[in-house]
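In the UniProt record's numbering, the protein residues as written are 1 to 219. Glycine included, C-beta positions come from ideal geometry on N, C-alpha and C. Below you'll find the structure, written out as structure tokens, and then a few comments.
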Amino acid sequence: MSTSERNAYHHGDLKAALLRAAMASLEQGGAAAVSLREAARQAGVSPTAAYRHFADKDAMLAALAAQGFDAFTDAMQAAAEAVQRAAGAAGEPFAEMGVAYVRFAVAHPGMFRLMFGPAVADRSRSPELVASLARSTRLFEQGMAARTDITGDPRVEAVRAWALVHGLAMLVLDGMLPGLDAEGLARAVLGSPAPGTGGAEPQAAAQPARRARAGARRA
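Below, the structure written as structure tokens:
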């Protein structure tokens with residue numbers, strides 16, 4: 001190991017450096033582009049040094065996904081808290097969490113697909129990832145439980161809302177909703193008005209949502 005490698009390893013910086021390098025590969029080419037060898041090369045160390053922190057590629061992807069879930073959950077929580085702090089503001093904390101969900105997916109498509117996709121073969125191998133995912137799920141359940149307009153099991157309702165926003169996020173990422181503003185569409189679907197609109201739905205996004213709601217009522 002070189003002097004620079006020994007210093008990085010001694011100070012505990014190497015793992016973070018490897019994850020930063022892997023994140024760059026993830027953003028450029030998705031999970032398939034991530035490799036321990038490439039991360040080591042970008043971090044300026046040998047592959048052997050990388051294996052001191054990650055047993056294999058799956059372990060590295062799990063660590064990346066855990067970071068993603070932490071950032072994702074923080075973003076949703078911050079969105080909900082912003083609504084709660086704004087006295088008299090239009091909007092609802094849980095709906096704002098859903099908007100933040102879609103916003104995160106659009107801003108970080110590679111990470112979002114890693115978090116929810118099959119690239120991590122066995123999430124249970126990573127206690128860090130299990131804990132990060134559980135925190136995200138709890139936040140969704142707590143947000144739903146705080147609503148006063150539901151009569152069913154908050155956990156079931158949370159899954160229903162999760163399926164809605166996740167499906168919307170994937171439709172956007174897969175290019176199935178071209179020409180539509182993703183955040184505006186999320187607000188229209190979730191019934192969360194844009195800041196300063198006083199409850200008005202963004203027109204470009206509202207029409208598909210209105211048609212979908214009308215179809216659901218007829219069904």
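Within 10 angstroms of the Cβ of Arg187, are there 16 or more other Cβ atoms? Answer buried if so, exposed if not. Residue numbering aside, residue 187 sits at position 187 when the sequence shown is read from its first letter. Buried.
Pick from Leu164, Ala16 and Ala63 that is closest to Val99, judged by C-alpha positions: Counting from 1 along the sequence shown, the entry for residue 99 is found at position 99. The shortest Cα separation from Val99 among Leu164, Ala16 and Ala63 belongs to Leu164.
So, Ala158 versus Glu141, is the Cβ gap smaller than 8 Å? In the sequence shown, residue 158 corresponds to position 158, counting from 1. In the sequence shown, residue 141 corresponds to position 141, counting from 1. It is a contact, given that the beta carbons lie within the stated cut-off.
Pair within 8 Å by beta-carbon distance, Leu168 and Leu114: The residue labelled residue 168 in the question sits at position 168 within the sequence shown. The residue labelled residue 114 in the question sits at position 114 within the sequence shown. Against a cut-off of 8 Å, the Cβ pair of Leu114 and Leu168 comes out as no contact.
Looking at chain C, is there any beta carbon in it that lies within less than 8 Å of the beta carbon of Ala86? The chain inventory of the structure shown lacks chain C, comprising one protein chain alone.
Quick check on the DSSP output: the alpha helix (DSSP H) that includes Pro178 runs from which residue to which? The residue given as residue 178 occupies position 178 in the sequence shown. Looking at the DSSP string, Pro178 is not in any alpha helix (DSSP H), and its letter there is neither H nor E.
Using 8 Å as the cut-off, can you tell me whether the region 58–75 makes contact with the region 120–135, which would need three or more C-beta pairs spanning the two stretches below that distance? yes
Classify Phe54 as helix, strand or coil using the three-state DSSP reduction. In the sequence shown, residue 54 corresponds to position 54, counting from 1. In this structure, Phe54 counts as coil in the three-state DSSP scheme.
Give the straight-line distance between the Cα atoms of Glu92 and Ala107, rounded to the nearest whole angstrom. Numbered from 1 along the sequence shown, position 92 holds the residue referred to as residue 92. Numbered from 1 along the sequence shown, position 107 holds the residue referred to as residue 107. Straight-line Cα distance between these residues: approximately 22 Å.
Coarse secondary structure for Asp13, derived from DSSP in three states: For the purposes of this step, residue 13 is identified with residue 13 of the sequence shown, where counting begins at 1. Reduced to three states, the DSSP call for Asp13 is coil.
Would you report the Cα separation of Gly175 and Gly68, rounded to the nearest angstrom? Sequence index remark: in the sequence shown, residue 175 carries index 175 (1-based). Sequence index remark: in the sequence shown, residue 68 carries index 68 (1-based). Gly175 and Gly68: Cα-Cα distance of roughly 22 Å.
Can you tell me whether Pro93 is helix, strand or coil according to DSSP? The residue labelled residue 93 in the question sits at position 93 within the sequence shown. Pro93: helix per DSSP, three-state reduction.
Whole-angstrom C-beta distance between Ala121 and Leu112, which should lie under 8 Å: The sequence position of residue 112 within the sequence shown is 112, counting from 1. The sequence position of residue 121 within the sequence shown is 121, counting from 1. Residue identity differs from the one stated: residue 112 is Phe in this sequence, not Leu. No, Phe112 and Ala121 are not in contact; Cβ-Cβ is about 18 Å, not under 8 Å.
For a quick check, are the C-beta atoms of Ala80 and Met97 less than 8 Å apart? Taking the first residue of the sequence shown as 1, we reach residue 80 at position 80. Taking the first residue of the sequence shown as 1, we reach residue 97 at position 97. Yes.
With a threshold of 16 other CB atoms inside 10 Å of the CB of Gly152, please say whether the residue is buried or exposed. Mapped onto the sequence shown, residue 152 falls at position 152. Gly152 comes out exposed.
Given a cut-off of 8 Å on the beta-carbon distance, is the pair Ser124 and Thr73 in contact? The count along the sequence shown starts at 1 and reaches residue 124 at position 124. The count along the sequence shown starts at 1 and reaches residue 73 at position 73. No, Cβ-Cβ distance for Ser124 and Thr73 is not below 8 Å.
Cβ atoms of Ala39 and Ala16: under 8 Å apart, would you say? Position 16 of the sequence shown holds residue 16. Position 39 of the sequence shown holds residue 39. The answer is no: Cβ separation not under 8 Å.
Let me confirm a value: Val156 is counted as buried when at least 16 other C-beta atoms fall within 10 Å, else exposed. Which label applies? Within the sequence shown, the letter at position 156 stands for residue 156. Val156 is exposed by the Cβ-count criterion.
Rounded straight-line distance, which links the Cα of Val83 to that of Ala95: Looking up residue 95 in the sequence shown gives position 95. Looking up residue 83 in the sequence shown gives position 83. When rounded, the distance between both Cα atoms is 10 Å.
Could you tell me the alpha carbon to alpha carbon distance between Gly198 and Val102, rounded to whole angstroms? By one-based count along the sequence shown, residue 198 stands at place 198. By one-based count along the sequence shown, residue 102 stands at place 102. For Gly198, the predicted structure reports a pLDDT of 46, less than 50, and the residue's modelled location is therefore unreliable. A value from the coordinates is still provided. Approximately 22 Å, taken between the alpha carbons.
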